[in-house]
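Numbers given in the numbering used here equal positions in the sequence shown, counted from 1, plus 227.
All C-beta atoms in this analysis are idealised placements derived from N, C-alpha and C, irrespective of residue type, glycine included.
These figures come from a predicted structure and were not determined experimentally.
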Amino acid sequence: MDFALTEEQTAIFDMAAAFGADRIAPHARQWEAEGTIPKELWTDIAELGFGGLYVSEASGGAGLTRLDATLVFEALSRSCASVAAFLSIHNMVARMIDTYGSDEMKARLLPDAIAMKTVLSYCLTEPGSGSDAAALRTRAEKTNEGWLLTGVKAFISGGGYSDAYLVMARSGGDGPGGVSAFFVEDGSEGLSFGGLEEKMGWKSQPTRQVQLDNCDIPAANILGNEGDGFKYAMSGLDGGRLNIAACSLGAAQAALDQTLAYMGERKAFGKTIDQFQALQFKLAETEIELEASRTFLRHAAWALDTGQPDATKRCAMAKAFVTEAASRAADTCLQMHGGYGYLADYGVEKTVRDLRVHKILEGTNEIMRLIVARDMLKTR
228 MDFALTEEQT AIFDMAAAFG ADRIAPHARQ WEAEGTIPKE LWTDIAELGF GGLYVSEASG
288 GAGLTRLDAT LVFEALSRSC ASVAAFLSIH NMVARMIDTY GSDEMKARLL PDAIAMKTVL
348 SYCLTEPGSG SDAAALRTRA EKTNEGWLLT GVKAFISGGG YSDAYLVMAR SGGDGPGGVS
408 AFFVEDGSEG LSFGGLEEKM GWKSQPTRQV QLDNCDIPAA NILGNEGDGF KYAMSGLDGG
468 RLNIAACSLG AAQAALDQTL AYMGERKAFG KTIDQFQALQ FKLAETEIEL EASRTFLRHA
528 AWALDTGQPD ATKRCAMAKA FVTEAASRAA DTCLQMHGGY GYLADYGVEK TVRDLRVHKI
588 LEGTNEIMRL IVARDMLKTR
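The structure is reproduced here in structure tokens:
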């Protein structure tokens, strides 16, 4: 068993980390204050091949593995978890189009998505259905020309900012089998957005409700087969959980690296604070948890890439473990900075705020435990 990254994987990580340090980190606080990310950043990121990370090479994407992708998100999150997580959402939608879209849809949509001239958002959650996603109420009514969509999607990253939205709507009866997936382009008749949500973290990502009022969608914009939308939506979540765990890991590791440097400079009681054993133990505990997280995450990514029968369980376990360990690590780093950690200038408090939502989205960590327990009971 070889745990080492290949030369290519190391190069991918280094390239993403260098881009983040140069193009994202210096602006992260400004973008947070402004509540938006400049669109030109995405086309620059796409030039690295990051606009279609696991879109197949045949469709013009990078064709990377899920493990490769976690390296990209871990590296970018060292500069800003909010920016990296938004890129993960775009890539999840692009991969769904590549996997389930018709040849015509792929030829029409993927080139601009991969170049990130078209920025993509994912619309599953509704005001009344979060963890119980199959209870969604947005309706899709068939017409002679296509579909009319009516409903509201909540907590949508990129709402009113993205260029297109992959919307899950009920085209049939109750339950998962009645859900289809639709590609809704910005500017579509009947598409509007709620007010900008004020959030604890991820402030650089504009988040709004996506509102559909008889939103007119051409027949060619249904993804795959009618009634298979919920299956498509769930298929993206295993990889999404790995990505959000990677975003947590990268941001927490950056906070720990910064804390280690700070402790070598900050003095108390006549010596630098890294000389106090109690604080050394905190450093060691944090390093142990992050290294365990990294191994856990990469093993889960391997399981997904190789089609292991327990891959879904492993992705759920990794998501819960890594996001919780990373949040603890970020909080410890803030504490080690003392009062300075509470100031925006040092950036640690932003990491604490950004990582908090990682335990909620892509399936709450309570749902992750439910997935694990059900798998255990099924296979006993």
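Item checked: Whole-angstrom distance between Leu464 and Asn441, CA atom to CA atom -> So the two alpha carbons sit approximately 28 angstroms from each other.
Notebook entry, point to check: For Asp558, does the count of other Cβ atoms within 10 angstroms reach 16, so buried, or fall short, so exposed?
Noted result: By the neighbour-count rule (16 or more Cβ atoms within 10 Å), Asp558 is buried.
Next item on the list: Classify Arg435 as buried or exposed, calling it buried when 16 or more other Cβ atoms lie within 10 Å of its own Cβ.
Entry: Buried, by the Cβ-count rule.
Notebook entry, point to check: Quick one: Cα of Glu331 to Cα of Ala408, how far?
Noted result: About 16 angstroms.
Next item on the list: Enumerate, from N- to C-terminal direction, the unbroken alpha helix (DSSP H) stretches of 4 or more residues contained entirely within the stretch 254 to 340.
Entry: The stretch 254 to 340 contains these whole alpha helix (DSSP H) runs: 255 to 261, 266 to 273, 293 to 304 and 308 to 327.
Next item on the list: Could you say if the stretch 448 to 460 and the stretch 512 to 526 meet the contact criterion of at least three C-beta pairs nearer than 8 angstroms?
Entry: Because the criterion of three Cβ pairs below 8 angstroms is not met, the stretch 448 to 460 and the stretch 512 to 526 do not touch.
Margin query: In the DSSP assignment, the beta strand (DSSP E) including Phe382 goes from what residue to what residue?
Written below: From DSSP, the beta strand (DSSP E) with Phe382 extends over Gly373 to Ser384.
Notebook entry, point to check: Nearest chain D C-beta to Ala342 closer than 8 angstroms, yes or no?
Noted result: You won't find chain D in this structure, because it holds only one protein chain.
Check: Does the distance from the CB of Ile383 to the CB of Cys350 come in under 8 angstroms?
Finding: Yes; because the gap between Cβ atoms is below 8 angstroms, this pair is in contact.
Check: What first and last residue would you give for the alpha helix (DSSP H) that runs through Phe420?
Finding: Element bounds for Phe420: not the alpha helix (DSSP H) but the beta strand (DSSP E), Leu418 to Phe420.
Checklist line | Nearest-angstrom Cβ-Cβ length linking Trp258 and Ser389, presumed shorter than 8 angstroms | finding: For a cut-off of 8 angstroms, the C-beta gap from Trp258 to Ser389 is around 16 angstroms, too long to register as a contact.
Notebook entry, point to check: What does DSSP give as the partner residues of Ser356 in its beta bridges?
Noted result: Answer is Glu353, bridged to Ser356.
Check: So Gln236 is in the alpha helix (DSSP H); what residue range does that whole segment cover?
Finding: Start and end: Glu234 to Phe246.
Item checked: CB of Gly386 within 8 angstroms of CB of Pro354, strictly -> No, the Cβ-Cβ distance between Gly386 and Pro354 is not below 8 angstroms.
Notebook entry, point to check: To which residues of the same chain is Ala311 closer than 6 angstroms at the C-beta, ignoring the five residues directly before and after it?
Noted result: Residues of the same chain with a CB within less than 6 angstroms of the CB of Ala311, apart from the 5 flanking positions on each side, are Phe300, Leu303, Ser304 and Cys474 in chain order.
Next item on the list: Mind listing, in chain order, the continuous alpha helix (DSSP H) runs of no fewer than 4 residues lying wholly within the stretch 482 to 552?
Entry: Scanning the stretch 482 to 552 for uninterrupted alpha helix (DSSP H) segments of 4 residues or longer gives 504 to 532, listed from N- to C-terminal end.
Notebook entry, point to check: Among Gly590, Leu506 and Ala553, which residue has its Cα nearest to the Cα of Ala460?
Noted result: Sorting Gly590, Leu506 and Ala553 by C-alpha distance to the C-alpha of Ala460 places Gly590 at the top.
Item checked: Pairwise C-alpha distance: Val411 and Leu336 -> Roughly 11 angstroms separates the two Cα atoms.
Checklist line | Spatial neighbours of Met490 in its chain, beta-carbon cut-off 6 angstroms, leaving aside the 5 residues before and after | finding: So the qualifying residues of the chain are Ile500 and Asp501.
Notebook entry, point to check: In chain order, what residues of the same chain have a beta carbon less than 6 angstroms from the beta carbon of Asn318, not counting five sequence neighbours either side?
Noted result: Once the five neighbours on either side are set aside, the close Cβ partners of Asn318 are Leu280.
Check: Cβ of Trp529 within 8 angstroms of Cβ of Leu294?
Finding: Leu294 is positioned such that its CB atom lies closer than 8 angstroms to that of Trp529.
Next item on the list: Please say whether Leu418 and Gly466 have beta carbons closer to each other than 8 angstroms?
Entry: Not a contact, by the Cβ cut-off of 8 angstroms.
Margin query: Within the continuous beta strand (DSSP E) that includes Asn441, where are the two ends?
Written below: Asn441 -> beta strand (DSSP E) spans Thr434 to Pro445.
Next item on the list: Go through its chain and collect everything with a Cβ distance to Tyr392's Cβ below 7 angstroms, but skip five positions before and after it.
Entry: Same-chain partners within the cutoff: Ser348, Cys350, Val411 and Val437.
Next item on the list: Determine the extent of the beta strand (DSSP E) in which Gln406 is found, giving its start and end residues.
Entry: It should be pointed out that residue 406 corresponds to Val in this sequence rather than to Gln. Residues Val406 to Glu412.
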